[in-house]
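Residues 6 to 144 in the numbering used here are what the sequence shown lists, from first letter to last. Just so you know, even glycine gets a beta-carbon here, dropped at the ideal spot from N, CA and C. What follows is a short report on a single structure.
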Amino acid sequence: LIDGAVAQGAASLVVPAAEYDFASTTSSLTIDSAVGLAIHGSGSTLWFAPGGGAHVSNCTRVALSSFVIDYTPTLAQGTVVAVHSGGLYRVQCDAGHEVLAQLSGRMRRFRIKVVPGDRVTVGVSPYDPVRGIITFRAR
């Protein structure tokens, strides 16, 4: 879609509102050699894997608007080793590292209690690998 607009020399492109998943494929969002192109996302969500993203090269005056950019978190299994104030939990992951995590909004909403010794699933942030969100407590 974007490559076609660049090849035609279009001044603007409206991307249909949808969720575009670049995390589960090996492709990435690539914009190459665009000049004066305005890309309007119509509220579309772009999902990227940790470390992935958009690649823009050899472009001038390219504008992206109305996109929501998010990442697919890396999930890890672990055991809660400590409960800290402010709703923070220290989780020892099976991979060997420790993560400082908070409860997900849904777990707080339904008042799911987490205590030391519980097995949990943690979504680890790609931006700060020592922070995460507890998304599931095993029974």
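For Arg113, the CB contacts under 8 Å within the same chain, skipping 5 residues up- and downstream, are Gly92 in chain order. By the criterion of a C-beta distance shorter than 8 Å, Cys64 is surrounded in its chain by Ile36, Asp37, Ser38, Ala39, Val40, Leu42, once the five residues flanking it on both sides are discounted.
Following the DSSP letters along the chain, one finds Ile7 in no beta strand (DSSP E) but inside the alpha helix (DSSP H) bounded by residues 7-13. Within the region 18-69, the runs of beta strand (DSSP E) that reach at least 3 residues and sit entirely inside it are, in chain order, 24-26, 34-37, 43-53, 59-62. Secondary structure note for Gly110: it is in no beta strand (DSSP E), and the uninterrupted alpha helix (DSSP H) holding it is 110-114. Taking Ile117 as the centre and dropping the five residues before and after it, the same chain places the C-beta of Leu108, Arg142 closer than 8 Å to its C-beta, in chain order. If you draw a straight line from the Cα of Gly14 to the Cα of Ala23, it comes to about 24 Å. As the crow flies, the alpha-carbon of Asp133 is around 18 Å from that of Trp52. Residue state for Val73 is assigned as strand, using DSSP reduced to three classes. Under the DSSP assignment, Val85 falls in the beta strand (DSSP E) whose first and last residues are 79-89.
Gly101: not part of any beta strand (DSSP E); DSSP gives it neither H nor E.
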